[in-house]
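Please read the structure below before turning to the comments.
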Amino acid sequence: MIELLPHRLPALSRWFPAGAPGPAALAEHVLTTGIGRFWADHAVQPRAIAVDCAAHVLLRGDPGALVPAELAPLGSRYIEAPARFLPVLGASFDRIMPWERMVYIRQEEPTSLARTPKGVTVRRITAADADSLAALGPGAAWIHASWGGPAGLAGSGHAWGAFHQGEAVAVACTYFLGSAYEDLAVVTAPDHRRRQLALSCVTALCADVTARGHTPSWSCSRHNRASRLLAWNAGFRLVREYVHHATGAPAVRGMPGTRIPA
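Residues in the sequence shown are numbered from -8 upward in steps of one, following my numbering.
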C-alpha cells in the first residue's frame, strides 16, 4: 500500500462514516489532529484504504485489490476490518490473533462519586505536564500515542490527571477525537490503583466532552474486567461488540509502503 498525503485523500465519507462511536472515530481523529497515516492501494480511485493511528487500524474496501506484501506497513497493529479481509490478512502476517472488543456510550451519571484521596489533586492536564506524562514510563506510553507523544497529549486540552506530589499517577484522555463522539482511555500507575483515581479523572473528562457538545464513548477488550467495571461505574453502557485482529510480522517480505510525493 502507499501512504496518502492529506491533499491526496479521496472523499472519505463512504469509507469511514463520520459521527460513530468507539474506534470508528479513528479516521476523524487523524484528519483533525494530523497524527496517523492513511494508506491505499492506489492514489487515484483507490479500492482499499486503511487509516492507522497509535497501532490501531481501520481497513475498508475491496480485499481483492491487495496482495499480502502490500500490507507490510500494517504489521504489529490491531486491525478492525470486515470479515472479507481475513484471508488476505492471514496471508500477510506470520500471525493474526482475534480480540473480542466492546464499545460503550455514556448514558447515565456515575453510579457513585469518587472521593479524592488526601494529597491527590485531580485537574486538567496542561502543556507544562508533558514531563510528568513521560515519567509514567514505557508501560503507559500507549496513553499518549494517539497524540504523538507526551507533549502532544499534554498540550491537547483533552486530558485530565490525578497528581500526587506533583507527579501524574492517573490519566484519562480523549484517545480518538470524533465529530460526535470522543473515545476515551485511562491509565493508572500500579502503586495508585484501587483508589478510584481513574473514576475521578474519567468523570471530569466526561464533563469536558459533554461541554464540547460531544458524547463520550469507551472501547475495551471483552476480557478486561477492570476496564468494563470502570466504564459501568462511570455511566457507560454497552452498545455493540466487534472483533479486531492483532497482527504479527509480515509473512511476505516486500517493498514497504511508498509515500506519494507532494
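Where a beta carbon is used, it is the ideal one built from N, C-alpha and C, also for glycine.
Quick caveat, the model's predicted, so the values are computed rather than measured.
Exercise. Say whether chain B places a C-beta atom closer than 8 Å to the C-beta of Leu190.
Key: Considering every chain present, this structure includes no chain B. It has just one protein chain.
Quiz prompt | Simplified DSSP state of Ala34, which is helix, strand or coil | solution = coil
Exercise. Report yes if the CB atom of Leu17 is closer than 8 Å to the CB atom of Val42, and no otherwise.
Key: yes
Self-check item: Cβ pair Tyr233, Arg68 closer than 8 Å
Solution: no
Practice problem: Entirely within the region 129 to 159 and at least 3 residues each: give me those beta strand (DSSP E) ranges in chain order. | Solution: 150 to 155
Exercise. Ignore the nearest five residues each way along the sequence and tell me which others in Tyr95's own chain have a CB closer than 7 Å to its CB.
Key: Ser208, Trp209, Ala222, Phe227, Arg228, Leu229, Val230
Practice problem: Give me the Cβ distance between Thr206 and Tyr172, rounded to the nearest whole Å; I'm assuming they're in contact under 8 Å. | Solution: 5 Å
Quiz item: Should Ala2 be labelled buried (16 or more other beta-carbon atoms within 10 Å of its own) or exposed?
Solution: exposed
Quiz item: So what's Arg114 in DSSP terms, helix, strand or just coil?
Solution: strand
Quiz prompt | Residue span of the alpha helix (DSSP H) that contains Gly239, given as start and end | solution = Note, Gly239: premise wrong, no alpha helix (DSSP H); not H, not E.
Self-check item: Range of the contiguous alpha helix (DSSP H) that encloses His20
Solution: 17 to 24
Quiz item: If we ignore side chains and look at the alpha-carbon of each, how far apart do Ala142 and Ala163 end up?
Solution: 15 Å
Practice problem: Could you name the residues of the same chain whose beta carbon sits closer than 8 Å to that of Thr249, not counting the 5 residues immediately before and after it, in chain order? | Solution: Any reading at Thr249 must be qualified, since the residue scores a pLDDT of 37, below 50, and its modelled position is unreliable; no value is offered.
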